[in-house]
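There are 2 protein chains.
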Amino acid sequence: METITIKDIAKLCGVGVSTVSRAMNDHPDINPETKQMIMDVIRENNYIPNNSARNLKRTDSKNIAVLVKGVDNPLFSRMIRVIEEEIGKKKYSMVVHQVEYYEDEVEAALELEQEKRLCGIIFLGGFYSESSESLARLKAPVVLVTSAKPQFEQNSTYSAVSVDDIRESYKMVDYLCRQGHKDIAIITATMHDESVGKLRLLGYYKALQENNINVNEKLVKYMDEGEDYSMGRGYQLMTELLESGEKISAVFAISDSLAIGACRAIHDKGLQVPEDIAVAGFDGIDIASYYSPSLTTIIQPMEAIAKEATQILFNVIRDKSMHTRKFFEGELAVRESTENNKENSAD
Amino acid sequence: METITIKDIAKLCGVGVSTVSRAMNDHPDINPETKQMIMDVIRENNYIPNNSARNLKRTDSKNIAVLVKGVDNPLFSRMIRVIEEEIGKKKYSMVVHQVEYYEDEVEAALELEQEKRLCGIIFLGGFYSESSESLARLKAPVVLVTSAKPQFEQNSTYSAVSVDDIRESYKMVDYLCRQGHKDIAIITATMHDESVGKLRLLGYYKALQENNINVNEKLVKYMDEGEDYSMGRGYQLMTELLESGEKISAVFAISDSLAIGACRAIHDKGLQVPEDIAVAGFDGIDIASYYSPSLTTIIQPMEAIAKEATQILFNVIRDKSMHTRKFFEGELAVRESTENNKENSAD
DNA sequence: TTCTTTTATGGGAGCACTCTAAAACTTATC
DNA sequence: GATAAGTTTTAGAGTGCTCCCATAAAAGAA
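Pasting the structure below:
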């Protein structure tokens with residue numbers, strides 16, 4: 044059972060190799076009947092063209108890379124699933140690349156580009172320390188998903204799609220303030236200017252300010268740069284918070300995983316969520332609604348974001364359209380972890 | 044900034060193209076000094092060979108595909124991370140392919156093989172309805188990870204690595220029996236003979252039998268074929284169980300996600316875990332230990348399994364060594380969700 | 001009928017590599 | 001100094017495909 048090539052198909056059909064190529068690639072200059080005949084033969088013989096040979100010759104490689112910091116982040120793995128579906132529909136193929144925390148994602152993309160002849164790049168998460176200048180080194184169009192970068196110039200060299208992190212974070216913290224909380228801690232990511240953690244922190248500051256609450260910097264806990272948003276890390280940081288002796292009535296963790304770790308830490312100190320401390324997360328991953336107590340969170344429309352990201356990428360690749368910046372609206376889901384039993388018990 | 048090719052490097056070094064190729068591929072017939080010189084030039088110019096061109100010519104393509112039913116299954120996404128690391132170390136590249144529930148994974152692999160010139164295939168999960176005969180259609184060596192298939196003939200056409208599902212499941216149910224439970228329900232996957240769900244069900248039967256407990260088929264709940272092990276599904280099936288009116292003192296769900304869904308369902312009926320019903324899971328994903336109550340489960344050594352799987356694959360690819368069947372030992376982690384307060388309150 | 005235009009097809013160069021076979025250069029042996 | 005044997009290098013064929021260009025056939029215009 045030898046590998047079957049385009050030549051074999053051509054011979055079988057009694058036509059030239061180029062005609063078979065034409066039929067497969069929806070080239071206009073071909074007789075519909077010939078095309079039909081060729082396609083039938085292809086199907087009968089389960090012929091699938093060799094991707095390497097195609098990519099070698101083609102200018103447009105039909106390879107899209109997805110670079111992820113943490114494939115096992117539930118938010119990302121869910122999005123990867125959607126992105127692969129979308130990419131598959133358009134007959135492109137997806138290359139997933141896990142970027143280690145110590146790696147520079149743009150460097151990694153640069154390598155992949157040489158190696159795999161990419162025609163498009165999607166970044167899930169990540170920091171882009173050098174920002175625009177760094178991203179501009181990539182030849183293929185780039186879409187940033189769920190990353191910082193609210194600023195967006197005309198003629199940008201990349202697109203971006205995400206929720207408005209400042210606004211969504213504001214929404215959550217403002218909600219906590221209205222619930223009567225005054226001592227609200229936050230568990231966030233690195234202080235890096237280009238990080239989602241920074242934006243969500245800004246939303247936190249803004250909400251406190253508008254509610255006339257002074258910021259207590261001792262209630263602001265940072266993860267280290269490049270660390271995953273893990274439950275373990277949430278647990279540690281919450282424990283530090285609890286052991287600091289500061290008064291805390293609510294905690295906002297910038298991911299659901301961190302929030303769950305925090306819940307567990309509170310529990311392990313013999314305290315109750317939400318009775319003693321309310322906890323809120325961010326993302327809206329499955330576990331948030333199944334956790335006990337179910338977790339108040341900002342639900343990011345992951346499917347929509349992932350779909351839009353691939354759509355934008357295709358627009359840029361195929362129609363050479365301009366890069367764009369799209370914001371999605373998150374949904375504040377109020378659940379058990381912030382139910383205010385103390386004050387509202389009379390309701 | 045034009046793309047740099049092997050020709051450019053050859054010219055820069057003042058040597059032939061084939062010599063550069065030799066240097067890069069650790070070919071023995073080359074002067075060490077020449078090689079060093081060439082490697083220096085390559086590094087200085089950030090040259091990275093084009094993968095498509097390589098794969099086109101090479102017999103062994105250095106492409107390994109990972110086919111997954113459900114990339115967003117936490118167990119799998121974690122393993123994917125480890126597998127990519129291992130594959131990367133050996134300078135091979137990984138192609139992740141999400142297999143939809145309605146797709147036949149072997150068909151999908153067959154396509155990928157033609158398309159991407161695979162030199163190895165790893166399956167994560169999946170069913171393999173046609174089993175051996177079907178798998179034998181693949182030319183590249185295959186390793187099944189976390190799949191059924193305890194039987195293993197000499198000269199098998201594939202390797203397999205997993206825990207011994209029957210034994211691990213037995214361990215768990217036997218433990219529940221010893222805790223004094225008599226009415227133990229199970230939430231498992233399809234009845235399909237080649238599924239992990241079936242094996243774990245066999246372990247359940249065995250444990251009940253050895254503990255002289257009659258099986259009540261009304262306590263055995265099946266998911267549909269191809270469905271993900273989701274929390275939502277666990278919730279539904281547990282709700283059905285609770286509404287059946289059968290007496291239930293413990294539930295064993297064959298994945299942690301299902302178990303968490305079950306916990307939530309019990310909670311929503313106004314009952315307590317473990318006081319009213321004990322719950323046990325399987326897998327040992329992160330959330331299991333952070334959930335409230337923390338979840339009793341069988342911890343699969345995911346990292347070790349993933350590493351071993353890639354190792355075996357490399358052995359078969361490179362040394363043409365025989366296929367093997369490797370079992371790992373799981374760890375029964377007893378946690379809050381099965382703590383037996385009732386009987387042992389005097390302890 | 002002859003010339004131009006349109007439509008359909010085939011030939012073959014080229015993509016960036018690998019690898020075989022042969023060439024060029026060493027060194028050893030008599 | 002000639003031959004053999006080994007080492008290092010190179011030219012060039014081959015990989016499966018795409019796409020430009022040439023050609024052939026059909027259609028339309030003169």
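Protein sequences, first through last, are from chains U and X.
Going by our numbering, 215 is the number at position 172 of the first sequence; the sequence numbering is gapless.
Going by our numbering, 289 is the number at position 246 of the second sequence; the sequence numbering is gapless.
Ideal Cβ placement from N, Cα and C applies to all residues, glycine included.
Neighbourhood of Ser364 (chain U) by C-beta distance below 6 angstroms, restricted to the same chain and skipping five residues each side: Asn358
Among all the DSSP beta bridges, which residues are the ones paired with Arg368 (chain U)? U:Ala203
Leu110 (chain U) - partner residues in DSSP beta bridges: U:His140, U:Phe166
Using the beta-carbon of each residue, which ones in chain X are nearer than 8 angstroms to Asp115 (chain U)? Pro117, Ser120, Arg121, Ile123, Arg124
Chain-ordered neighbours of Ala151 (chain X) on chain U, where CB pairs are closer than 8 angstroms: Going along chain U, no residue has its Cβ under 8 angstroms from Ala151 (chain X), so there is no contact; the nearest lies around 11 angstroms.
Drop a sphere of 10 angstroms on the beta-carbon of Leu314 (chain X), count the other beta-carbons inside from all chains shown, and report buried for 16 or more, exposed for fewer. exposed
Is the distance from the Cβ of Val111 (chain X) to the Cβ of Gln157 (chain X) below 7 angstroms? no
Cβ-based contacts, 9 angstroms cut-off: residues of the segment 281-306 of chain U near chain X: Ser300, Ile303, Gly304, Cys306
Which same chain residues end up closer than 6 angstroms to Met281 (chain X) when comparing Cβ atoms and leaving out the 5 residues on each side of it in sequence? Ala305, Ala308
For Glu351 (chain U) and Cys162 (chain U), the rounded distance between their alpha carbons: 17 angstroms
Tell me the rounded alpha-carbon separation between Lys264 (chain U) and Gly277 (chain U). 10 angstroms
Starting from the Cα of Lys214 (chain U), find the closest Cα among U:Tyr90, U:Ser202, U:Tyr248, U:Ile328 and give me that residue. U:Tyr248
Kindly indicate which three-state DSSP category Thr62 (chain U) falls into: helix, strand or coil? helix
With a CB to CB cut of under 7 angstroms and the five nearest residues on each side skipped, what residues in its chain are close to Glu143 (chain X)? none
Report all residues from its chain with a CB closer than 6 angstroms to the CB of Thr381 (chain U); omit the five preceding and five following residues, and keep chain order. Pro317, Ala321, Ala323, Thr339
Closest Cα partner of Lys105 (chain U) within the set U:Thr367, U:His366, U:Thr353, U:Leu375: U:Thr353
Have a look at the DSSP bridge pairing and note the partners of Val185 (chain X). X:Ile164, X:Tyr201
On the CB-based measure, 16 or more other CB atoms within 10 Å of its CB, does Asn257 (chain U) come out buried or exposed? exposed
Over what stretch of residues does the beta strand (DSSP E) that includes Leu375 (chain U) continue unbroken? 374-376
When the Cα atoms are used, what is the spatial distance from Asn387 (chain X) to Pro336 (chain X)? Reliability fails at Asn387 (chain X), whose pLDDT of 42 lies under 50, so the model's placement of it is uncertain and the value that follows must be treated cautiously. Spanning the two alpha carbons is a distance of roughly 18 angstroms.
Minimum length 4: unbroken alpha helix (DSSP H) runs contained in the segment 228-260 of chain X: 239-253
Is there at least one Cβ from chain U nearer than 7 angstroms to Glu318 (chain X)'s Cβ? no
Do we get a CB-CB distance below 7 angstroms when we pair Met274 (chain X) with the residues of chain U? yes
Taking the CB atoms as reference points, tell me whether Val125 (chain U) and Ala347 (chain U) lie closer together than 7 angstroms. no
Tyr272 (chain U) to Ala53 (chain U), Cα distance in whole Å? 54 angstroms
Give me the Cα-Cα distance between Val149 (chain U) and Glu268 (chain U), rounded to the nearest whole angstrom. 16 angstroms
Kindly give me the distance between the Cβ atoms of Met371 (chain U) and Val206 (chain U), rounded to whole angstroms, as I take these residues to be in contact under 8 angstroms. According to the sequence as given, residue 371 (chain U) is Phe; it is not Met. Rounded, the Cβ-Cβ distance is 5 angstroms, consistent with contact.
Where Phe325 (chain U) sits in the DSSP three-state scheme: coil
What residues from chain U crowd round Arg160 (chain X), counting only those whose CB sits closer than 8 angstroms? Asn93, Asn94, Ser95
For Ile342 (chain U), decide whether its Cβ has a neighbour in chain X, counting only Cβ atoms nearer than 7 angstroms. no
Specify the secondary structure class of Lys312 (chain X) as computed by DSSP and reduced to three states. coil
Between the C-alpha atoms of Asp72 (chain X) and Met82 (chain X), what's the straight-line distance to the nearest angstrom? 15 angstroms
Segment limits, alpha helix (DSSP H) that includes Lys264 (chain X): Here Lys264 (chain X) belongs to no alpha helix (DSSP H); instead the beta strand (DSSP E) covers 263-265.
Below-7 angstroms beta-carbon distance, Glu154 (chain X) vs any chain U residue: yes
Opposite Ala293 (chain U) in the DSSP bridges: which residues? U:Ile227, U:Ala321
Write down the C-beta distance between Asp326 (chain U) and Arg121 (chain X) rounded to the nearest angstrom, noting that I regard them as a contact closer than 8 angstroms. Going by Cβ atoms, the distance from Asp326 (chain U) to Arg121 (chain X) rounds to 18 angstroms, so no, they are not a contact pair.
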